[in-house]
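Please read the structure below before turning to the comments.
In the numbering used here, the protein residues as written are 9 to 174.
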């Protein structure tokens, strides 16, 4: 992120999708609400998520988890799981187990405002459809393990059972 001549901010990020949703977009929306957002530079396909900004550049073809290069080190919440430095004034490694448990999942919300997606994207177009279900199947390499050790996904049999039940 950089400051422009007008003291406005340019958010330049390409982290994993979930991190962008939880850490970058609410900060960009906050900046927009106080008229301090100049531009957003993000990944291809993300412009609708920044509907509130007129100056969105979809520059990046890929995402990275590396906080040193993905731009998250310049937003108030660079880590999706906690912000112990702001909450307790210490790095996570300096905290007791009880303190770690207390900051788990807690972010710094002073510059964090979620966009009003529900209102902005509201439509009557789909009201006549049958109820629907969304399945988020996350099959990827986790924590440096072999893909066969992935834990956050539905295997083919389970997916087949779900779809046959529906």
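Don't be surprised by glycine CBs; every beta carbon is placed ideally from N, CA and C. All figures in this text were calculated on a predicted structure; none of them were measured in a lab.
Alpha-carbon to alpha-carbon, residue j and residue i
i           : j           : result
residue 109 : residue 15  : 37 Å
residue 175 : residue 105 : Any question about residue 175 goes unanswered here, given that the chain covers just 9 to 174.
residue 59  : residue 75  : 25 Å
residue 139 : residue 174 : 11 Å
residue 89  : residue 68  : 24 Å
residue 136 : residue 43  : 39 Å
residue 103 : residue 111 : 10 Å
residue 169 : residue 35  : 40 Å
residue 164 : residue 25  : 24 Å
residue 130 : residue 124 : 10 Å
residue 117 : residue 64  : 24 Å
residue 38  : residue 99  : 25 Å
residue 119 : residue 73  : 22 Å
residue 127 : residue 29  : 17 Å
residue 115 : residue 121 : 12 Å
residue 71  : residue 87  : 15 Å
residue 171 : residue 101 : 44 Å
Secondary structure of residue i, DSSP reduced to three states
i           : result
residue 24  : coil
residue 69  : coil
residue 174 : coil
residue 126 : helix
residue 45  : strand
residue 95  : helix
residue 64  : strand
residue 83  : coil
residue 114 : coil
residue 18  : strand
residue 141 : coil
residue 146 : coil
CB contact flag (residue i, residue j, <7 Å)
i           : j           : result
residue 18  : residue 46  : yes
residue 162 : residue 145 : yes
residue 31  : residue 48  : no
Run of the alpha helix (DSSP H) containing residue i, from where it starts to where it stops
i          : result
residue 55 : That residue, residue 55, is in no alpha helix (DSSP H); it is neither H nor E in DSSP.
Cβ-heavy atom distance, residue i to the ligand ATP, below 6 Å
i          : result
residue 99 : Questions concerning the ligand ATP fall outside what the structure shown contains, since it holds no ligand whatsoever.
**Message:** So, does the segment 54-67 touch the segment 78-85, judging by three or more C-beta pairs under 8 Å?
**Reply:** Verdict: no, contact absent.
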